[in-house]
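Some notes on the structure that comes next.
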Amino acid sequence: MSPGFTRSVAAIAAAMGFAGSACAENIELGMPVGCEIGQTCYIQNYVDDDPSPSSRDYKCGTLTYDAHNGTDFRVPSLAVQKSGVDVLASASGRVLRTRDGVPDGAFSRTAREVVRDVECGNGVVIEHPGGWETQYCHMANGSLAVKPGDDVARGQRLGRIGLSGLTEYPHLHFTVRYKGATVDPFAYGAAPGSCGSGESLWQPALRARLAYQERAVLNGGFMSGPPTMELIEEASPNGQSVSADSPALVAFVRAIGLKAGDTQGLVIKDPQGQVLAENRAAPLESNKAQYMLFAGKKRPPNGWNHGTYKATYTVERAGQVVFEKQLELAL
Ligand SMILES: [Zn+2]
Numbered sequence: 009m010s011p012g013f014t015r016s017v018a019a020i021a022a023a024m025g026f027a028g029s030a031c032a033e034n035i036e037l038g039m040p041v042g043c044e045i046g047q048t049c050y051i052q053n054y055v056d057d058d059p060s061p062s063s064r065d066y067k068c069g070t071l072t073y074d075a076h077n078g079t080d081f082r083v084p085s086l087a088v089q090k091s092g093v094d095v096l097a098s099a100s101g102r103v104l105r106t107r108d109g110v111p112d113g114a115f116s117r118t119a120r121e122v123v124r125d126v127e128c129g130n131g132v133v134i135e136h137p138g139g140w141e142t143q144y145c146h147m148a149n150g151s152l153a154v155k156p157g158d159d160v161a162r163g164q165r166l167g168r169i170g171l172s173g174l175t176e177y178p179h180l181h182f183t184v185r186y187k188g189a190t191v192d193p194f195a196y197g198a199a200p201g202s203c204g205s206g207e208s209l210w211q212p213a214l215r216a217r218l219a220y221q222e223r224a225v226l227n228g229g230f231m232s233g234p235p236t237m238e239l240i241e242e243a244s245p246n247g248q249s250v251s252a253d254s255p256a257l258v259a260f261v262r263a264i265g266l267k268a269g270d271t272q273g274l275v276i277k278d279p280q281g282q283v284l285a286e287n288r289a290a291p292l293e294s295n296k297a298q299y300m301l302f303a304g305k306k307r308p309p310n311g312w313n314h315g316t317y318k319a320t321y322t323v324e325r326a327g328q329v330v331f332e333k334q335l336e337l338a339l
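Just so you know, we're using the working numbering here: the sequence shown kicks off at 9 and counts up by one.
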């Protein structure tokens, strides 16, 4: 849609007497990633809606950090990132700026100088009618499919999710601006300090899928030995295969959004329903952006019985289960 077209619609609206409606001026955002929220990607961080040195997401929750100016759509592992996840234009517009050629590699916030001035990594900025802009960061090196001046349609492929710039894990950092100022697409125009107010800029059909999730399991599955963060990053999304001869049977989860005081438990039951292994962690002393927990047992002399092994991951607060995830392994 060209800016001229938008102006002419506004003029018609003015003539009909309903100009000035906030809705008519707001951008409507489509999904900026070609993955399924809660299945193949997760929102790790929202915009920091707190102007002070502390931080707060739009629900007054913990899923952000100080001065974070976008929404982070995280894919569960490097293996998934390498398989290729598209970054998509969230709305129609014209490409304003692009950057490509920044190598993919994880950089911690304590090693910022490595990525100074290229914190966004490989990225795209799109200008939309009415003073809106969207920006897409940390894309894969060499994956950009657009150039400045290109007209793009909502849903058009811009490139792929990568690991370029200031990022510790594969994700799309997605920023929305209105007249140059950062906007939280989940809470546009929210009153300062309010929780859950403001308007969603997402297409109505997307809002249920994008509903706020306080906690999520990014990875969960079974392995034949103790997991590490590296193994989880490189494994298939459901973990390594386990056979009847595996030296150990281990269930693991990597969860995001855990809060101080959360008590996690992981229990594995054998095909007969008997507890095979259990791990009950101490209450967390601080919020955790991500946390790995596992439980397991060494192989019995005669190998593992065939059947279905079930693992249950729970998070409790004050004796109440506030999150639960079931995992199954058929041997
Ligand atoms: Zn981010």
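Ideal Cβ positions, reconstructed from N, Cα and C, are used throughout, including at glycine.
Is it right to say residue i is buried, meaning 16 or more other beta carbons lie within 10 angstroms of its own, or is it exposed?
i    : result
T316 : exposed
H314 : exposed
S91  : exposed
Y321 : buried
V283 : exposed
D112 : buried
N130 : buried
G188 : exposed
E141 : buried
P40  : buried
S151 : buried
D125 : exposed
A97  : buried
P265 : For the record, residue 265 in the displayed sequence is Gly; it is not Pro. Result: buried.
V329 : exposed
Q280 : exposed
V88  : buried
R82  : buried
Tell me whether the beta-carbon of residue i lies closer than 8 Å to the beta-carbon of residue j.
i    : j    : result
K306 : P255 : yes
I45  : R217 : yes
L209 : V184 : yes
E336 : K318 : yes
R168 : V93  : yes
G69  : E207 : no
A153 : L171 : no
T79  : P193 : yes
A268 : N295 : yes
A290 : Q52  : no
N149 : V191 : no
G233 : K67  : no
Based on the DSSP output, what are the partners of residue i in its beta bridges?
i    : result
N227 : R262
K296 : L266
W210 : L37
K318 : K277, E336
E286 : V275
L166 : The partner list for L166 (beta bridge, DSSP) is empty, contrary to what the question assumes.
V324 : The amino acid occupying residue 324 in the given sequence is Glu; Val does not appear at that position. Its beta-bridge partners are T271, V329.
N53  : D80
A303 : A259
Output needed for residue i: all residues of its chain with C-beta closer than 7 Å, excluding positions within five of it in sequence on either side, in chain order.
i    : result
A285 : I276, A303, G304, K305
A326 : none
G139 : Y186, K187
Y220 : K67
Could you pull out every residue in the same chain whose Cβ sits closer than 6 Å to the Cβ of residue i, ignoring the five residues on either side in sequence?
i    : result
H136 : I35, A99, G101
D65  : Y54, L71, T72
S29  : Caution is warranted here: a pLDDT of 42 is assigned to S29, below 50, making its placement in the model unreliable, and no coordinate value can be reported.
E241 : S85, L86
G273 : R288, T322
F230 : G247, V250, A259, L337
A243 : none
L339 : A252, W312, H314
Y196 : G206, E207, L209
H181 : G78, D80, C145, H146
In its own chain, which residues sit with a C-beta less than 8 Å from the C-beta of residue i, not counting the 5 before and 5 after it?
i    : result
Q211 : E36, L37, G38
M237 : R262, M300
D56  : S63, R64, D65, T72, Y73, D74, A75, H76, N77
E332 : T320, Y321, T322, V323
**Prompt:** Quick one: any contact between the segment 172-186 and the segment 129-149, if contact means 3 or more CB pairs under 8 Å?
**Reply:** The answer is yes - the segment 129-149 touches the segment 172-186, with three or more Cβ pairs under 8 Å.
**Message:** Check whether the segment 149-166 and the segment 89-105 are in contact - that is, three or more C-beta pairs closer than 8 Å.
**Reply:** With a cut-off of 8 Å, the segment 89-105 and the segment 149-166 count as touching, because enough Cβ pairs lie within range.
**Asked** Taking three-plus beta-carbon pairs below 8 Å as touching, is the segment 253-270 in contact with the segment 220-230?
**Response** The segment 253-270, when compared against the segment 220-230, does touch it at the 8 Å Cβ threshold.
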